[in-house]
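First up is the structure itself, then whatever we jot down about it.
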Ligand code: SIN
């Protein structure tokens with residue numbers, strides 16, 4: 039097995055690992071350590087993986103989370119079908135931050151790819167935080183933000199309180215201790231105790247910092263790619279340039295803990 043860095047900010051690829059067979063603990067630990075260091079990893083050449091293989095590998099990472107309002111694919115609870123880029127997936131975010139315990143990891147397996155387009159952008163929320171001046175970092179450490187479910191939750195008839203959470207604006211990674219900005223434009227509606235109008239300029243500034251080119255890695259999908267990201271330290275957004283072609287990926291998310 040070989041692990042190669044793909045960009046300066048974040049991102050690495052793993053070569054020479056077959057996830058359809060037995061996965062030794064030493065290999066798994068090396069992959070998990072690489073993910074914690076690099077924020078996002080791509081395990082190449084996994085096109086032979088069945089849904090059962092994907093669920094079995096996902097279970098090595100923790101408890102598989104069933105999405106509260108997006109249905110799983112038939113027969114495989116926990117696997118969600120991701121297709122055309124849409125306004126939610128095209129906005130920088132980490133997954134399901136409206137939950138009290140947002141997802142720790144996401145595993146996304148390429149099933150059908152367009153000839154070109156539909157790349158996924160990743161950003162290091164740790165580097166973004168580190169790039170701020172110490173006084174601003176200190177101020178942000180004192181703040182929390184209100185996260186609310188998107189219109190999809192309301193469409194599914196969920197009670198608003200069930201898809202709402204307050205999280206610190208800066209969270210420490212439970213394994214690495216790295217501090218990351220933990221606000222995103224999909225779910226955050228305001229800084230806790232501030233009005234939306236007061237919150238917007240600061241939030242927009244932080245979103246701009248997260249998306250600065252030097253904090254990002256752009257993943258150009260290849261057949262067989264299994265991409266795994268750490269939702270505690272990164273954000274992602276899909277590039278909406280798929281011209282009418284099919285794009286299907288299978289997503290599994292792993293339960294996380296309350297940000298602190
Ligand atoms: C997602 O936001 O979970 C999906 C990303 C993608 O479609 O590449």
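Residue numbers (the working numbering): 39 to 298.
We treat Cβ as the ideally placed atom computed from N, Cα and C, and that holds for glycine.
Quick check: residue i and residue j, are their CB atoms within less than 9 Å of each other?
{"i": "residue 274", "j": "residue 99", "result": "no"}
{"i": "residue 49", "j": "residue 79", "result": "yes"}
{"i": "residue 134", "j": "residue 272", "result": "no"}
{"i": "residue 74", "j": "residue 211", "result": "yes"}
{"i": "residue 39", "j": "residue 65", "result": "yes"}
{"i": "residue 266", "j": "residue 144", "result": "yes"}
{"i": "residue 42", "j": "residue 55", "result": "no"}
{"i": "residue 160", "j": "residue 257", "result": "yes"}
{"i": "residue 113", "j": "residue 89", "result": "yes"}
{"i": "residue 235", "j": "residue 175", "result": "no"}
{"i": "residue 239", "j": "residue 297", "result": "no"}
{"i": "residue 250", "j": "residue 146", "result": "no"}
{"i": "residue 259", "j": "residue 91", "result": "no"}
{"i": "residue 208", "j": "residue 179", "result": "yes"}
Beta-carbon within less than 6 Å of residue i's beta-carbon, same chain only, minus the 5 sequence neighbours each way: which residues are those?
{"i": "residue 204", "result": "182, 184, 230"}
{"i": "residue 187", "result": "136, 201"}
{"i": "residue 119", "result": "111"}
{"i": "residue 77", "result": "48, 162, 268, 271, 272"}
{"i": "residue 194", "result": "107"}
Taking the beta strand (DSSP E) that residue i falls in, what are its first and last residues?
{"i": "residue 140", "result": "Neither: residue 140 is in no beta strand (DSSP E) and is coded neither H nor E."}
{"i": "residue 92", "result": "Where residue 92 is concerned, there is no enclosing beta strand (DSSP E), although the alpha helix (DSSP H) it sits in stretches over 89 to 97."}
{"i": "residue 51", "result": "50 to 53"}
{"i": "residue 220", "result": "First-last for residue 220: undefined, no H or E at that position."}
{"i": "residue 226", "result": "226 to 229"}
{"i": "residue 192", "result": "Taken as a continuous stretch (DSSP letters only), residue 192 belongs to no beta strand (DSSP E), being part of the alpha helix (DSSP H) at 189 to 193."}
What residues in its chain sit with their C-beta under 7 Å from that of residue i, if we drop five residues either side in the sequence?
{"i": "residue 141", "result": "103, 133, 134, 269, 291, 292, 293, 294"}
{"i": "residue 261", "result": "85, 148, 151"}
{"i": "residue 128", "result": "275, 276, 278"}
{"i": "residue 281", "result": "155"}
{"i": "residue 44", "result": "50, 51, 255"}
{"i": "residue 286", "result": "119, 121, 149, 150"}
{"i": "residue 115", "result": "104"}
{"i": "residue 244", "result": "219, 221"}
{"i": "residue 283", "result": "152, 153"}
{"i": "residue 232", "result": "none"}
Skipping 5 residues on each side, what residues in its chain have a beta carbon closer than 8 Å to that of residue i?
{"i": "residue 126", "result": "188, 190, 224"}
{"i": "residue 93", "result": "102, 114, 116, 117, 290"}
Let's see if you can read the secondary structure: which residues bound the alpha helix (DSSP H) around residue i?
{"i": "residue 245", "result": "234 to 248"}
{"i": "residue 206", "result": "That residue, residue 206, is in no alpha helix (DSSP H); its beta strand (DSSP E) goes 202 to 206."}
{"i": "residue 166", "result": "163 to 168"}
{"i": "residue 75", "result": "63 to 76"}
{"i": "residue 273", "result": "Looking at the DSSP string, residue 273 is not in any alpha helix (DSSP H); the run it does join, the beta strand (DSSP E), is 272 to 276."}
{"i": "residue 118", "result": "Not the alpha helix (DSSP H): residue 118 falls in the beta strand (DSSP E), residues 118 to 120."}
{"i": "residue 268", "result": "Careful: residue 268 lies outside any alpha helix (DSSP H), inside the beta strand (DSSP E) at 264 to 268."}
Beta carbon nearer than 5 Å to a non-hydrogen atom of the ligand SIN: 120, 127, 158, 276
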